[in-house]
Amino acid sequence: MINSPHCYQTTTAASLKAEEKPWTTMRIIILAGGYGTRLQRDLRNHDPQGVYRHLQGMPKALLPIGHRPLISHWMETLWKCRSQIDEIYVVCNDFYFKMFEDWAKDWEEAVLFNDGTGTNETRLGAVACIYLPVDRIGFEDDVTVIGGDTLFKDDFDLASVWQEFRRRQQQTPDASLVLACPCTDEDTVKVGILETDDKRVTAFLEKPGPSQTTSRKSCPCFYVLSKASLPLIEQYLEERKEGPVEGRDATGNFIQYLYPRLPVYTYDITARFDVGALSSYISCHQYFLRQGSLQSRDEIKMSKQHPKGEGHMMQKSKSKRLPATFLPGFHDKGAVECMRYNTLGKTGLEVSLIGLGGSPFGSVFHPMSLEMGSKVVRKALQSGINYIDTSPYYGNRKSETMLGKILKDIPREAYYIATKVGRYKPNVEEMFDFSAEKTLSSVDESLRLLGLDYADIIQVHDIEFAPNLDVVLKECLPALECVKKAGKARFIGITGFPLDMYRNILERSTVPIDVALSYCHLTLHDTSLLDLIPYLKEKGLGIINASPISMGLLTHRGPPDWHPAPAAIKEACREAALYCQSLGVDISKLAMHYTLSQNATDLTLVGMDTEEIVRSNLEIALGTLTELEKETLDHILKRFFEPLKNKSWEGIEVKNYRAKLKDVEGACH
Numbered sequence: 089m090i091n092s093p094h095c096y097q098t099t100t101a102a103s104l105k106a107e108e109k110p111w112t113t114m115r116i117i118i119l120a121g122g123y124g125t126r127l128q129r130d131l132r133n134h135d136p137q138g139v140y141r142h143l144q145g146m147p148k149a150l151l152p153i154g155h156r157p158l159i160s161h162w163m164e165t166l167w168k169c170r171s172q173i174d175e176i177y178v179v180c181n182d183f184y185f186k187m188f189e190d191w192a193k194d195w196e197e198a199v200l201f202n203d204g205t206g207t208n209e210t211r212l213g214a215v216a217c218i219y220l221p222v223d224r225i226g227f228e229d230d231v232t233v234i235g236g237d238t239l240f241k242d243d244f245d246l247a248s249v250w251q252e253f254r255r256r257q258q259q260t261p262d263a264s265l266v267l268a269c270p271c272t273d274e275d276t277v278k279v280g281i282l283e284t285d286d287k288r289v290t291a292f293l294e295k296p297g298p299s300q301t302t303s304r305k306s307c308p309c310f311y312v313l314s315k316a317s318l319p320l321i322e323q324y325l326e327e328r329k330e331g332p333v334e335g336r337d338a339t340g341n342f343i344q345y346l347y348p349r350l351p352v353y354t355y356d357i358t359a360r361f362d363v364g365a366l367s368s369y370i371s372c373h374q375y376f377l378r379q380g381s382l383q384s385r386d387e388i389k390m391s392k393q394h395p396k397g398e399g400h401m402m403q404k405s406k407s408k409r410l411p412a413t414f415l416p417g418f419h420d421k422g423a424v425e426c427m428r429y430n431t432l433g434k435t436g437l438e439v440s441l442i443g444l445g446g447s448p449f450g451s452v453f454h455p456m457s458l459e460m461g462s463k464v465v466r467k468a469l470q471s472g473i474n475y476i477d478t479s480p481y482y483g484n485r486k487s488e489t490m491l492g493k494i495l496k497d498i499p500r501e502a503y504y505i506a507t508k509v510g511r512y513k514p515n516v517e518e519m520f521d522f523s524a525e526k527t528l529s530s531v532d533e534s535l536r537l538l539g540l541d542y543a544d545i546i547q548v549h550d551i552e553f554a555p556n557l558d559v560v561l562k563e564c565l566p567a568l569e570c571v572k573k574a575g576k577a578r579f580i581g582i583t584g585f586p587l588d589m590y591r592n593i594l595e596r597s598t599v600p601i602d603v604a605l606s607y608c609h610l611t612l613h614d615t616s617l618l619d620l621i622p623y624l625k626e627k628g629l630g631i632i633n634a635s636p637i638s639m640g641l642l643t644h645r646g647p648p649d650w651h652p653a654p655a656a657i658k659e660a661c662r663e664a665a666l667y668c669q670s671l672g673v674d675i676s677k678l679a680m681h682y683t684l685s686q687n688a689t690d691l692t693l694v695g696m697d698t699e700e701i702v703r704s705n706l707e708i709a710l711g712t713l714t715e716l717e718k719e720t721l722d723h724i725l726k727r728f729f730e731p732l733k734n735k736s737w738e739g740i741e742v743k744n745y746r747a748k749l750k751d752v753e754g755a756c757h
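Sequence positions in the sequence shown follow the numbering used here and run 89 to 757.
Structure below.
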């Protein structure tokens with residue numbers, strides 16, 4: 089009936105015949121054949137700063153929602169119910185077909201159907217797109233139809249929906265099931281409204297006024313259709329084949345046609361997202377950005393490699409998965425594919441091997457212009473780095489301020505960002521404050537400066553400087569837990585220099601801690617972090633290492649004047665740098681390579697203040713050493729650094745701080 093010569097399958101998903109299974113299987117049809125004309129119009133007319141320009145020319149089903157394409161949310165939901173599924177069909181148009189082929193490289197279990205159309209004016213219509221796979225495959229199974237522009241909140245339970253469908257079918261074998269979602273009086277004119285009697289549909293009203301019905305049950309595009317209802321799709325289309333495409337486009341029209349002929353029941357859900365206009369996209373996107381509990385791609389991949397049970401439809405994808413932060417049109421795909429990503433503990437965040445340290449944006453070491461900062465951030469992110477770390481302390485909030493100006497022009501889903509609480513101003517009397525009140529107000533100020541609704545991680549900065557651990561345990565961390573519950577942060581972290589501090593905090597804290605950030609303890613001259621890592625991993629923490637060049641010690645120009653290292657460490661680093669320089673070898677490259685080669689942490693933070701340094705660090709992170717560099721590294725380790733035996737400056741900074749604070753307080757009295 090539908091002339092579609094371009095109908096095409098990317099793969100034949102592994103399936104079992106119904107008689108081989110002890111249950112009745114479900115076929116899935118995801119409707120992704122729309123052209124998104126309203127959204128594309130909004131992007132042209134209502135996005136003057138171009139914040140969402142990366143969405144231009146993208147089908148709605150592939151829009152980034154949270155940190156993955158909209159349709160991938162459904163694929164992950166379906167994966168959890170894979171034992172009940174035979175095949176998944178994605179119906180798209182010819183105009184966007186290549187983009188769906190690229191997406192399907194990550195989801196080989198999806199069978200693509202090309203409806204053969206190339207413009208919105210020649211579209212088949214959504215009901216016709218439902219029939220396309222039905223006609224070609226000839227189902228004898230029940231079918232779940234999902235709108236490719238529709239999502240539900242994370243309390244949606246697909247298994248429960250199908251359980252209710254099976255229950256209804258035991259009573260009435262021809263029954264179908266649709267979802268009922270509450271809506272406001274104002275929204276009735278925007279959606280299809282169901283009227284019911286004991287959860288059986290008695291009427292379907294297309295966008296009625298609030299006075300035309302007492303029902304406030306909207307009907308999203310998610311239908312579980314019995315196999316008995318499938319012939320009615322062809323009948324419906326045949327009766328309307330000479331009419332305008334609008335009669336074949338709104339899927340609710342078919343439900344309106346179905347319920348007088350076969351029983352249709354409802355299943356209640358709490359909320360829906362229909363991505364149509366830019367405003368509805370932003371609302372949906374922001375909701376899923378805040379969700380920290382979603383299963384990560386790495387977890388999906390691992391469960392595919394080690395599936396439980398038999399008879400699963402989905403198979404492991406053979407292609408390399410891009411990180412959840414990847415955005416077509418924004419990233420250099422080749423560079424992203426070269427980058428290595430690790431899962432940050434139990435957070436599920438897929439973070440790049442190296443992250444962007446925020447101190448240069450606060451002009452901590454030397455001045456940085458906004459223009460250069462913008463180039464650095466954009467170069468780093470587009471090259472696959474997806475983690476930014478900052479703090480109120482970096483330049484007395486200059487870092488957060490500059491990053492806020494830069495990030496307003498960069499898609500939020502392209503990066504993860506962490507900031508901190510506890511350490512603030514350079515003057516000693518206002519440097520630290522771990523109180524609950526200050527913690528809460530600081531988070532709000534950080535988010536205001538960054539121009540964000542939430543941070544991915546907020547960390548307690550340099551815990552060892554607190555007057556006592558009780559203020560951290562009883563005020564600061566509980567305040568951060570409130571911040572997390574309010575949706576202003578997804579995860580909580582701690583930072584500090586003394587390594588024994590981590591055990592002390594983790595054993596005593598009643599607030600779950602997700603991430604630990606250590607610095608200068610995984611370097612050429614100090615590898616003591618390696619002894620703590622097994623404990624942190626046992627606790628499920630994400631592990632971040634910072635400053636592989638040890639705050640400037642392992643550079644040719646040497647450390648800043650304020651560096652707290654004792655003379656013996658500074659001298660060893662200076663002599664090692666001079667030795668490297670005599671051979672034409674960059675000690676900073678050796679230092680970074682050595683740190684990363686330990687493969688011990690999830691992420692290493694590196695300060696980068698020029699595009700050239702970004703390029704250089706990427707080459708170091710992803711490359712290898714020359715024979716001369718390897719020999720030089722071995723030599724300086726044995727000659728200069730092994731004699732130090734992990735000596736550090738632990739306690740020196742705290743001692744100096746307390747002495748200065750005492751002097752200031754004494755002067756005030």
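Idealized CB from N, CA, C, for every residue including glycine.
- Between the segment 663-683 and the segment 419-437 there are fewer than three inter-stretch CB-CB distances shorter than 8 Å, so the stretches are not counted as touching.
- Residue 241 sits exposed, since fewer than 16 C-beta atoms from the chains shown fall within 10 Å of its C-beta.
- The straight-line gap separating the alpha-carbon atoms of residue 210 and residue 119 is approximately 16 Å.
- Positions of the beta strand (DSSP E) runs, each at least 3 residues long and wholly inside the segment 318-371, are given as 352-356, 360-362 in order along the chain.
- Classified as buried, residue 547 has 16 or more neighbouring CB atoms from the shown chains inside 10 Å of its CB.
- Ranked by how close their Cα comes to the Cα of residue 491, the residues 202, 190, 154, 461 have 461 in first place.
- In this structure, DSSP gives residue 661 a helical state, which the three-state scheme calls helix.
- In the three-state scheme derived from DSSP, where H, G and I count as helix and E and B as strand, residue 640 is classed as coil.
- From the listed residues 174, 147, 178, the smallest Cα separation to residue 162 is found for 178.
- Remark: C-beta atoms of residue 249 and residue 324 do not approach each other more closely than 8 Å.
- Per DSSP, residue 566 is one residue of the alpha helix (DSSP H) stretching across 565-573.
- If the five residues before and after residue 274 are omitted, its C-beta is found closer than 6 Å to no C-beta atom of its own chain.
- Positions of the alpha helix (DSSP H) runs, each at least 4 residues long and wholly inside the segment 715-739, are given as 715-724 in order along the chain.
- Beta-bridge annotation (DSSP): residue 413 is not paired with any residue.
- According to DSSP, residue 607 shares a beta bridge with 634.
- DSSP places residue 228 in the coil class of the three-state scheme, outside both helix and strand.
- Counting every other CB atom within 10 Å of its CB across the protein chains shown gives residue 438 a total of 16 or more, marking it as buried.
- When secondary structure is reduced to three states using DSSP, residue 160 falls in the helix class.
- Residue 578: member of the beta strand (DSSP E) spanning 577-584, first to last residue.
- In this structure, 639 is the residue among 670, 451, 639, 414 with its C-alpha nearest to the C-alpha of residue 657.
- Under the three-state reduction of DSSP, residue 221 is assigned to helix.
- Taking 8 Å as the cut-off, the Cβ atoms of residue 125 and residue 202 do not count as close.
- DSSP places residue 264 in the strand class (E or B) of the three-state scheme.
- Between residue 154 and residue 237, the CB-CB gap reaches or exceeds 8 Å.
- In this structure, residue 527 keeps its C-beta atom at 8 Å or more from the C-beta atom of residue 554.
- With respect to the 8 Å criterion, residue 563 and residue 534 are not classified as neighbours on the basis of their beta carbons.
- By the Cβ criterion, the segment 301-319 is in contact with the segment 259-271, since at least three pairs of Cβ atoms, one from each stretch, lie closer than 8 Å.
- Just measuring C-alpha positions, the residue of 170, 756, 529 sitting nearest residue 113 is 170.
- In this structure, 366 is the residue among 366, 645, 627, 578 with its C-alpha nearest to the C-alpha of residue 131.
- Cβ atoms of residue 505 and residue 543 come within 8 Å of each other, at about 6 Å.
- Assigned with DSSP and collapsed to three states, residue 560 falls in helix.
- Residue 158 places its beta carbon less than 8 Å from that of residue 151.
- In the pairwise beta carbon analysis, the segment 609-626 is classified as not touching the segment 643-652: fewer than three pairs are separated by under 8 Å.
- In the DSSP assignment, residue 547 falls within the unbroken beta strand (DSSP E) covering 543-548.
- One thing to note: residue 277 has its Cβ no nearer than 8 Å to the Cβ of residue 271.
- With a cutoff of 8 Å on beta-carbon distance, residue 633 and residue 606 are scored as near each other.
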